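Have a look at the structure below before the remarks.
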Amino acid sequence: MNALLAVRDLEVAYGNIPALHGITIEVQKGEIVTLIGANGAGKTTTLRTISGLLKPRRGEIVFNERNIGGTKPDVITAMGVSHVPEGRGIFANLTVGDNLELGAYVRKEKITDSEYERVFALFPVLKERLKQNAGTLSGGEQQMLAISRALMSKPNVLLLDEPSLGLAPQMVQAIFRVVKEINAEGTTILLVEQNAHMALVTAHRGYVMETGRIVLHDTTKALLASDRVKKAYLGG
Ligand SMILES: Nc1ncnc2c1ncn2[C@@H]1O[C@H](COP(=O)(O)OP(=O)(O)O)[C@@H](O)[C@H]1O
Ligand SMILES: [Mg+2]
């Protein structure tokens, strides 16, 4: 089966300093695939390159059988790859509603009532907050908004960068529950996390990254049972 999204032998550098040393990751349609690794491993660099914010030095990025390496970010979003950045990237001085409308920008049509209903079904609190400035939301609510905004471009693939970062445990559970729900409704997900345990119980397959290289990949079941993963990422 051809992957819906793949990076192959991807090399990325910041100036002369390499960050990714030829990584290969494949995501099949319908999967949740997680990319785990310590701070500085290269997870964010991987997602930023897939979404067109960084240029690969070598290797290819294939989405839907097309090589999208070097394509502009807004074009990639319009093609069906939507990125929820690390730190969420919401506009604090705009309302929740306006942030959502910005997510719909690339498709050049307004958000329909039924799409709003879908967002409110996933995250009921956003309905109450619709007219509030996004900066007044809690961290967890801002993450909900960032995910909802990304859904407004009707993605086939959602790239999530550390959705649980800085959130209270209960909020982390809520976010991962919705990640699973979005996937069950048909969106393929590439999930980057430092919270290896939550990522591995949520995803179907996983890749382990260390200093710009993929050192292990398998089903999440196998990774959860792996001594190497347990020792390095699961505190045991
Ligand atoms: N804007 C940047 N300029 C220079 N080096 C960077 C930049 N962003 C990240 N790096 C370096 O690239 C490597 C990978 O970083 P990153 O992709 O952010 O890792 P992760 O998301 O896994 O924490 C690190 O060594 C980091 O210091
Ligand atoms: Mg990161």
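Numbering (the numbering used here), first residue to last: -8 to 227.
Note that the Cβ used here is the ideal one computed from N, Cα and C, for glycine as well.
The model shown is predicted, which means the values in this text are computed figures rather than measured ones.
- Taking 9 Å as the cut-off, the beta carbon of Asn90 is found no closer than this to the beta carbon of Ala112.
- In this structure Leu136 touches Ile81 by the C-beta definition: roughly 5 Å separates them, less than 8 Å.
- Look at Glu201: its beta carbon is at least 8 Å from all of the heavy atoms in ligand 2.
- Check the Cα spacing between Gly33 and each of Asp218, Ile205 and Ala175: the tightest is with Ile205.
- For Leu158 and Glu77, the gap between their C-alpha atoms comes out near 13 Å.
- If you draw a straight line from the Cα of Ile8 to the Cα of Val183, it is about 22 Å long.
- Restricting attention to Glu56, Gly50 and Ala223, the CA atom closest to the CA of Glu201 is found in Ala223.
- Under the DSSP assignment, Leu150 falls outside any alpha helix (DSSP H), being part of the beta strand (DSSP E) whose first and last residues are Val148 to Asp152.
- In this structure Gly31 is exposed. Its beta-carbon is surrounded by fewer than 16 other beta-carbon atoms within 10 angstroms.
- Shortest Cα-Cα distance from Leu191 to any of Lys212, Ala4 and Leu117 involves Lys212.
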